[in-house]
Amino acid sequence: DVSPSTMDRMSTKYGVQQHDTVEDCVESSGLIVCAVKPQNCDLVFEQIRSAMEKNNATPHNSENVNATLLSIVAGKPISSLVSGTGLKRVVRCMPNTPATIGEGVTIYTTTPDFTTDDSHKIEQILNSFGKSIRVNDEQQIDMATALSGSGPAYIFLLIESMIDSGVHMGLSRKVSTTLVHETLLGSTLYAMEKEKESDEVTHPSVLRNSVTSPNGTTASALYTLEQGNFRTVIADAVWSCYRRSLEMGGMDSNVGPGRTRK
1373 DVSPSTMDRM
1383 STKYGVQQHD
1393 TVEDCVESSG
1403 LIVCAVKPQN
1413 CDLVFEQIRS
1423 AMEKNNATPH
1433 NSENVNATLL
1443 SIVAGKPISS
1453 LVSGTGLKRV
1463 VRCMPNTPAT
1473 IGEGVTIYTT
1483 TPDFTTDDSH
1493 KIEQILNSFG
1503 KSIRVNDEQQ
1513 IDMATALSGS
1523 GPAYIFLLIE
1533 SMIDSGVHMG
1543 LSRKVSTTLV
1553 HETLLGSTLY
1563 AMEKEKESDE
1573 VTHPSVLRNS
1583 VTSPNGTTAS
1593 ALYTLEQGNF
1603 RTVIADAVWS
1613 CYRRSLEMGG
1623 MDSNVGPGRT
1633 RK
């Protein structure tokens, strides 16, 4: 890492070894995790390629030839990872912030040469901080970035807005915060439980209607949300995120409602 303090903290917390150079990190490594900002990729990729070429030229490091790169870099397609690092076995994934407390969800895809056993090993790693979903279409990684990768930020904005509204009405910030946190948590668990009870996917509208009484308080609130184009704003935000993810990978981002790929 570029931050010595971050390396010190990680070493102390998890008991991992620190290295000052990329070359030291990847020496004899069977799995290389790349979790850097997109703007730092060119430099890091060059260092990985140089280190791997040097290591592979040494007989006792020949196992490095089949090293796997696990990328958590937003927007970077597998083709860019392969050409940049020279590694042929690549996993591209997108976790999210709840992974830091073991409640994340990670979507991933791999280069074609991965066996079932290889994928199982990768899932053991990804499942250690939540759940993982494998897809064959790499484009779905960018889609998931817009939904689950950046999704926590959308939820946090909703939480912030609801808490502030509670405070505005007269509740203490502590009480308002507890009510909102527990409401979102309970609603999510409720929706997941209903999903388990049915053989088919339960559409959220069914759950929403169960909370909405005719001419009631919830109906009034939902009417106001619909007037404000709540669904459209959320959808536009997700599409905007998806387009940005494509742009970061040098892909055509002319996608979404009212747009046509060139």
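In this text, residue positions in the sequence shown follow our numbering: the first is 1373, and each later residue adds one. Beta carbons: idealized from backbone N, C-alpha and C, even for Gly.
Gly1387 and Ile1497 have their C-alpha atoms spaced approximately 17 Å apart.
Pairwise C-beta distances place the stretch 1498–1511 out of contact with the stretch 1560–1578, as fewer than three of them are shorter than 8 Å.
In the three-state reduction of the DSSP assignment, Leu1543 falls in the coil class.
Pairing Val1445 with Cys1397 gives a Cβ-Cβ distance that is not under 9 Å. Taking a contact to require three or more Cβ pairs closer than 8 Å, the stretch 1535–1543 and the stretch 1480–1500 do not qualify as touching. With fewer than 16 other Cβ atoms inside 10 Å of its own Cβ, Phe1528 counts as exposed. Per the coordinates, the alpha-carbon of Ile1404 lies some 9 Å from the alpha-carbon of Ile1420. Secondary structure in the stretch 1415–1471: the alpha helix (DSSP H) runs of 4 residues or longer, each lying completely within the stretch, are 1450–1457 in chain order.
Residue environment analysis places Pro1449 among the buried positions, since at least 16 neighbouring C-beta atoms fall within 10 angstroms of its C-beta. For Lys1385, the secondary structure class from DSSP, reduced to helix, strand or coil, is helix. For the pair Phe1501 and Thr1478, the CB atoms are nearer than the 9 Å cut-off. Counting only runs that start and end inside the stretch 1583–1615, the alpha helix (DSSP H) elements of at least 4 residues fall at 1589–1599.
Around the beta-carbon of Pro1467, 16 or more other beta-carbon atoms lie within 10 Å, marking it buried. Val1573 counts as exposed, since fewer than 16 other C-beta atoms from the protein chains shown sit within 10 angstroms of its C-beta.
In this model, Thr1482 and Ser1544 are separated by some 49 Å (Cα to Cα).
At a Cβ-Cβ threshold of 9 Å, Ala1439 and Arg1464 do not count as neighbours. When secondary structure is reduced to three states using DSSP, Ser1537 falls in the helix class. Within 10 angstroms of the beta-carbon of Tyr1614 lie 16 or more other beta-carbons, which makes it buried. Taking Gly1523 as the centre and dropping the five residues before and after it, the same chain places the C-beta of Asn1468 closer than 7 Å to its C-beta, in chain order. Under the 10 Å beta carbon count, Tyr1480 is surrounded by 16 or more other beta carbons and is classified as buried. Taking C-beta separations shorter than 6 Å and ignoring five residues to either side along the sequence, the partners of Glu1567 in its chain run Thr1574, following chain order.
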